[in-house]
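Q:
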Amino acid sequence: MQVKLNVVVGAVAVLLGNSAMAQDLVVKIGHVGPTSGQIAHLGKDNELGARLAIDELNAKGVTIGGKKAKFELLAEDDAGDPKQGTAAAQKLVDAKVNGVIGHLNSGTSIPASKVYSDAGVPQISPSATNPKFTRNGYKTTFRVVADDVHLGGTLGKYSVKELKGQSIAVIDDRTAYGQGVADEFEKGVKASGGKIVGREFTNDKATDFNAILTSLKAKKPDVVFFGGMDAVAGPMLRQMKQLGIEAKFVGGDGICSGELPKLAAGTMGDGQVVCAEAGGVEGESKKSMDSFKAKFKEKYKVDVQIYAPYVYDAVNVLVAAMVKANSAEPAKYLPVLAKTEGYKGVTGTISFDAKGDIKNGALTLFTYKGGAREQIAVVR
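For reference, each letter of the sequence shown is one residue, going -22 to -1, 1 to 358 in mature numbering (1 follows the signal peptide of the UniProt record, and there is no 0).
This is the structure in structure tokens:
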């Protein structure tokens, strides 16, 4: 009799346990970035930022609508390719994700944004800076960094006013990001009274730049701007050195990585490179960023490249909207997400405007000395 009673009690306990588990709310958050290809180091940096946020949220025991939420990360690789990006987006939509962080590149984020919009799934990019990303009228599209109008224009002005550029050359990789930021840089130079002596282009897979660099060398530029990513910028710097081009090398957040000195193979002079990261912290906020970087390195045994903190903040902003809306259903928390105001993240204060752009987006200007990034200034 006692044995039977124990069996019954055990069965009830199992049922109660299963009932409790059933009360848990599974929240699927998608992440897309290039985790293969030339800029895989940047895509992996982003993914790790998302994983850190997810792990911390699960450890905290966040509740949404009275239910304990269990967060799952569904990570996809778009290889920086627009077609693969839309395929990854559709895969996440089919998996019924509650929200998406990504993509890294503007060239993948823009076409993917329609897929998410059609499905009503909120998307926050931590790094897509092309203005078009938030100009299609989609209610599901957001970003936590300043766009190329601000980034490129600021670098253009800086090149003329601070670097005293008299003859400025521009190169871009013809991607949505590279060409877009180069166009805005050129506008910024001209608005500041500077002179563009040449405009050349390459592609995001190129390794040989001798033809375009030789053409520009004849024009004796004192500043060369490159719109593209660090995987191309590194070899370009090496070949500039070989050709005896001693110009300052300026670029956007795509080149502003910890990996750039390695990719340039020791050919960068101290202070030669000036780049801008779309985002910026100073004062008390810098402590939060430094703390994040230390925590990131302790957990993953690698340094932050560029965007991991922005991914981390994007995940937390998404979840904060779910908590406030008492629902992880996209249709219910999307209006709350759109009204995000004053969220204190490790990258600064996050508020969205009517287009989904971050309000008062900051930029941080960096240079490199002794193979390490050194902050110059934060610009708003």
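Idealized CB from N, CA, C, for every residue including glycine.
1) Give me the residue from V93, V289 and I146 with the minimum Cα distance to L20.
2) Could you say if the region 167 to 179 and the region 206 to 217 meet the contact criterion of at least three C-beta pairs nearer than 8 Å?
3) Any idea what DSSP makes of I49, helix, strand or coil?
4) Tell me whether S329 is buried or exposed, calling it buried when 16 or more other Cβ atoms sit within 10 Å of its Cβ.
5) Using DSSP's beta-bridge definition, name the partner residues of K347.
6) My guess is that Q283 and G236 are in contact by the Cβ rule of under 8 Å, so how many angstroms apart are they, rounded?
7) Please classify K226 as buried or exposed, where buried requires at least 16 neighbouring CB atoms within 10 angstroms.
8) Compare the C-alpha of V99 against each of A90, S105 and A106 and name the closest.
9) Could you give the distance in angstroms between the alpha-carbon of G334 and the alpha-carbon of T345?
10) Applying the criterion that 16 or more other CB atoms from any shown protein chain within 10 Å of the CB defines a buried residue, is G249 buried or exposed?
11) Based on the DSSP output, what are the partners of R227 in its beta bridges?
12) Helix, strand or coil for S269? Go by DSSP, reduced to three states.
13) From K74 to D125, what distance separates their C-alpha atoms?
14) Measure the CB-CB distance between G212 and L194 and report whether it falls below 8 Å.
15) Smallest Cα separation from V228: which of M300, V357 and G143?
16) When DSSP builds the beta bridges, which residues end up paired with T41?
17) Along the chain, where does the alpha helix (DSSP H) that runs through T132 open and close?
18) Just to check, is the beta-carbon of G39 closer than 7 Å to a non-hydrogen atom of the ligand NAD?
A: Taking the geometry as given:
1) Translated into the one-based positions of the sequence shown, residue 20 becomes position 42. With distances taken between Cα atoms, L20 lies closest to V289.
2) no
3) Locating residue 49 in the sequence shown gives position 71, where the first residue counts as 1. Residue identity differs from the one stated: residue 49 is Phe in this sequence, not Ile. Strand.
4) Here the question's residue 329 lines up with position 351 in the sequence shown. It is exposed - the Cβ of S329 has fewer than 16 other Cβ atoms within 10 Å.
5) Locating residue 347 in the sequence shown gives position 369, counting from the first residue. In the DSSP output, where bridge partners are listed per residue, K347 has A350.
6) Here residue 283 refers to the residue found at position 305 of the sequence shown. Here residue 236 refers to the residue found at position 258 of the sequence shown. Rounded, the Cβ-Cβ distance is 5 Å, consistent with contact.
7) Position 248 of the sequence shown holds residue 226. So K226 counts as buried.
8) Taking the first residue of the sequence shown as position 1, residue 99 is located at position 121. Measuring from the Cα of V99, the nearest candidate turns out to be A90.
9) If you number the sequence shown from 1, residue 334 lands on position 356. If you number the sequence shown from 1, residue 345 lands on position 367. One C-alpha to the other measures close to 30 Å.
10) Mapped onto the sequence shown, residue 249 falls at position 271. It is exposed - the Cβ of G249 has fewer than 16 other Cβ atoms within 10 Å.
11) To locate residue 227, count along the sequence shown from 1; it is residue 249. In the sequence under discussion, the amino acid at residue 227 is Phe, which differs from the Arg named in the question. The partner list for F227 (beta bridge, DSSP) reads V202 and V251.
12) As a working mapping, residue 269 is identified with position 291 in the sequence shown. Here S269 carries a helix assignment [DSSP, helix/strand/coil].
13) As a first step, residue 74 is located in the sequence shown; it is residue number 96 there, counting from the start. As a first step, residue 125 is located in the sequence shown; it is residue number 147 there, counting from the start. C-alpha separation (whole angstroms): 29 Å.
14) Here residue 212 refers to the residue found at position 234 when the sequence shown is read from its first residue. Here residue 194 refers to the residue found at position 216 when the sequence shown is read from its first residue. Cβ distance not < 8 Å, so G212 and L194 don't count as in contact.
15) Sequence index remark: in the sequence shown, residue 228 carries index 250 (1-based). When each option's Cα is compared against that of V228, the closest is G143.
16) Stepping through the sequence shown from its first residue, residue 41 is reached at position 63. T41 is bridged to K46.
17) Counting from one through the sequence shown, the residue named residue 132 turns up at place 154. Run containing T132: D126 to K139, per the alpha helix (DSSP H) assignment.
18) The model on display carries no ligand, and the ligand NAD is accordingly not part of it.
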